[in-house]
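Engineer:
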Amino acid sequence: MTRSHHALRLLAERSITSAGLCLTDFAALEALLHRGPLTISAIQNKVLLASGSMTAAIDRLEEHGLVVRKSTSTDRRARIVQLTQEGRRVAAEYFAKHAKDLEELMSVLSAKEKRQVYASLKKLGLVAAQKLGAARQSIQESH
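First residue of the sequence shown: 0, per numbering that gives the first Met the number 0; consecutive thereafter.
#1: Taking contact to mean 3 or more Cβ pairs, one atom from each stretch, closer than 8 Å, check whether the region 17-25 and the region 78-88 are in contact.
#2: Is Thr23 buried or exposed, if buried means 16 or more other CB atoms sit within 10 Å of its CB?
#3: Which class does Arg88 belong to by DSSP, given the choice of helix, strand or coil?
#4: CB-CB under 8 Å to Ser14, same chain, minus the five flanking residues each way: which ones, in chain order?
#5: Beta-carbon within less than 7 Å of Val46's beta-carbon, same chain only, minus the 5 sequence neighbours each way: which residues are those?
#6: Taking the beta carbon of Val66 as the centre, do at least 16 other beta carbons fall within 10 Å, making it buried, or is it exposed?
#7: Tell me the DSSP bridge mates of Lys69?
#8: Where does Leu108 sit, in a helix, a strand or coil, going by DSSP?
#9: Quick check: the Cα distance between Gly64 and Lys111, rounded to an integer number of angstroms?
#10: Would DSSP call Leu48 helix, strand or coil?
#11: Nearest-angstrom Cα distance between Ser109 and Val116?
#12: Quick one: does Leu20 have its CB under 8 Å from some CB of chain D?
#13: Which of the three DSSP states is assigned to Leu7 in this structure?
#14: Cα separation between Gly35 and Gln81?
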């Protein structure tokens, strides 16, 4: 399982970086493309990255004119990040290329095998997340 994960991760990373983005930037763009405007912390929770890494990614994307930060009407401290028109175009283009690369990789599986893999990985992921949550809670309760 570890070798399979490693090889698949490397191929997925190659798909993203060959488009000219680092993984963190791609993850932020993808979250904004599919979820709409979000706070940095919401993006961070979606892509499971540290706060500093996410802020740096948003800074890079903003420098390239792909995102803008805007104030919210409900909380003056919070800043919403949203795609610019160019950011939406770039995110959609890169995501489409990445999805195509992943589909090509998955083409060795039949439709039934794809459904089984998806269901099995989802099940494993949910159980793992639940165990991690329980472990975190146990640690917090002991302190």
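Yeah, the Cβ is synthetic: ideal placement off N, Cα and C, and Gly gets one too.
Structural biologist: With the structure as the only source:
#1: no
#2: buried
#3: helix
#4: Lys96, His97, Asp100 and Leu101
#5: Ala26, Ala27 and Ala30
#6: buried
#7: According to DSSP, Lys69 bridges with Ile79.
#8: coil
#9: 42 Å
#10: coil
#11: If you draw a straight line from the Cα of Ser109 to the Cα of Val116, it is about 10 Å long.
#12: Judged by its chain identifiers, the structure shown contains no chain D, having just a single protein chain.
#13: helix
#14: The alpha-carbon atoms of Gly35 and Gln81 are separated by roughly 7 Å.
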